[in-house]
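In my numbering, the protein residues as written are 3 to 88.
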């Protein structure tokens, strides 16, 4: 747990130095956590011989990640549009 804390603390420092809104960093960390949990649950259900349930868990994880990423994608697209000359 100490190593994970150090990584998160380092990411927070980088975000502050780069003047990135902490909401985006928190969202990205949540997305990573969801991905790991969904993968873990998928592997457990596959090992238990429940392939159909496994694919449903994987799909649910992807949908949750997509829903959480929408604000970040919106800001990214807006930034790209601002960079394009009119």
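Where is the CB? At the ideal position from N, CA and C, for every residue including glycine.
Everything numeric in this text was worked out from a predicted model, so none of it was measured.
Give me the Cα-Cα distance between residue i and residue j, rounded to the nearest whole angstrom.
i          : j          : result
residue 47 : residue 60 : 10 Å
residue 51 : residue 24 : 41 Å
residue 87 : residue 79 : 14 Å
residue 43 : residue 57 : 10 Å
Would you identify the three-state DSSP class for residue i, choosing helix, strand or coil?
i          : result
residue 2  : This structure cannot speak to residue 2, because the chain is shown only from 3 to 88.
residue 12 : helix
residue 51 : coil
residue 24 : helix
residue 70 : helix
residue 86 : coil
Between the beta-carbon of residue i and the beta-carbon of residue j, is there less than 7 Å?
i          : j          : result
residue 67 : residue 33 : yes
residue 82 : residue 63 : no
Looking only at its chain, what residues have a beta carbon closer than 7 Å to the beta carbon of residue i, apart from the 5 residues adjacent to it on each side?
i          : result
residue 13 : 27
Cβ contact check for the stretch 69-82 and the stretch 21-31: 3 or more pairs under 8 Å = yes
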